[in-house]
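> Heads up: the sequence shown is residues 1 to 193, going by the numbering used here. Note that the Cβ used here is the ideal one computed from N, Cα and C, for glycine as well. Predicted, not measured: the structure shown is a model, and the values here were computed from it.
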Amino acid sequence: MTGSEAFNHATRGILARSNAKLGMRSRDFSAASKLSGNGSGDRLIDERFATLRFKAAAAGCAERTPTIWRARPLCLSCSACCRNTEMILTPSDIRRLEALGYRREEFAMLRGGFYRLRNVKGRCYFLRGSRCAVYEYRPIGCSMYPIVIDVEKGDVALDEDCPIAGETTEGELELARAHAKRVLEELGILPRS
Ligand code: SF4
Ligand code: SF4
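1) Quick check: the Cα distance between A71 and I149, rounded to an integer number of angstroms?
2) CB of P139 to nearest heavy atom of ligand 1: below 8 Å?
3) Using only alpha-carbon positions, find the residue among T169, M144 and L187 that is nearest to T65.
4) Which whole-angstrom value is the C-beta distance of L89 and A108, which I expect to be below 8 Å?
5) Based on Cα-Cα distance, which residue from G154, A178, C81 and R95 lies nearest to N119?
6) Please go through the region 71-111 and give each complete beta strand (DSSP E) segment of 3 or more residues, from N-terminal end onward.
7) Thinking I189 and E172 are a contact (beta carbons under 8 Å), I'd like their distance in whole angstroms, please.
8) In angstroms, rounded to a whole number, what distance separates the CA positions of E152 and G141?
9) What is the DSSP secondary structure of R118, reduced to helix, strand or coil?
10) Distance, Cα to Cα, L175 vs T67?
11) What I want to know is whether the C-beta of R143 ends up closer than 8 Å to one or more non-hydrogen atoms of ligand 1.
12) Exposed or buried, what is D155 when buried is set at 16 or more other beta-carbons lying within 10 Å of its beta-carbon?
13) Are the Cβ atoms of D93 and P163 separated by less than 9 Å?
14) When DSSP labels each residue in this structure, what does A180 get in the three-state scheme?
15) Tell me, please, which residues DSSP counts as bridged to A157.
16) Among the candidates R131, L184 and R177, whose CA atom is the shortest distance from the CA of C78?
17) Is the separation between the beta-carbon of Y137 and that of R103 shorter than 9 Å?
18) I need the residues with a C-beta less than 6 Å from some heavy atom of ligand 1; please give them in chain order.
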């Protein structure tokens, strides 16, 4: 796999690996979206409950996601990485989101041997307008993005689809490397050290 292929496979996902291509788009998620019935009414209810969930989290019921890539101002109006997402969830991501009161079947679906964020009408379940409803508790892969894990190379890489990937600092890449190892161990791709 060339470097650019690895980046493309990693688009809106956490991993770049040839046997788990991440090139699937909203068409693949449309049936689940219809079944979910997550229309505007459900969305309103969900947002009301979100306040309660964050109160629970603020009371110390949920650990926050480590900050790896600090959002730049442009991120506030783009959210391209939160649409048609194929982000893989680690077991600790799922535990953290469930601790907020969300049910796994609401926000995740099994695909290609991994739990991934579920899309509703082509948008991540947690995307509200252009903001993430669970930003402080989002999956580790979201915290790393536009840094992604290139399993073929055993290193992290930048997703060139992100317009500000070039702003990534060396410090962020180093921090991502340390977290990437833990992520791969959690997913069973690397043996636990
Ligand atoms: S695609 Fe890049 S610029 Fe847009 S929200 Fe995601 S990280 Fe920010
Ligand atoms: S969890 Fe948040 S940051 Fe991650 S894809 Fe969904 S809306 Fe975007």
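This is what the structure holds:
1) The alpha-carbon of A71 is positioned some 19 Å away from that of I149.
2) No, ligand 1 has no heavy atom inside 8 Å of this Cβ.
3) Looking at the Cα atoms, M144 is the closest of the given residues.
4) By a beta-carbon distance limit of 8 Å, L89 contacts A108. Their separation comes to about 6 Å.
5) Selected option, being the one with the closest Cα: C81.
6) If we require 3 residues or more, the beta strand (DSSP E) runs fully inside the region 71-111 come out as 108-111.
7) Contact between I189 and E172 fails: their C-beta atoms lie close to 22 Å from each other, not under 8 Å.
8) Going from the Cα of E152 to the Cα of G141 covers about 17 Å.
9) Taken through DSSP and simplified to helix, strand or coil, R118 comes out as coil.
10) CA-CA distance, L175 to T67, rounds to 9 Å.
11) First, the residue type needs correcting, since residue 143 is Ser and not Arg in the sequence shown. At a cut-off of 8 Å, the beta-carbon of S143 does not count as near ligand 1: no heavy atom of the ligand is closer than that.
12) Answer is exposed; the Cβ neighbour count stays below 16.
13) Result no, Cβ atoms of D93 and P163 do not sit closer than 9 Å.
14) DSSP places A180 in the helix class (H, G or I) of the three-state scheme.
15) A157 is bridged to V148.
16) Minimum Cα distance to C78 is reached at R131.
17) No, the pair does not count as a contact, with Cβ atoms beyond the cut-off.
18) Taking each Cβ in turn, the ones that pass are L74, C75, C78, S79, A80, C81, Y145, P146, C162, P163 and I164.
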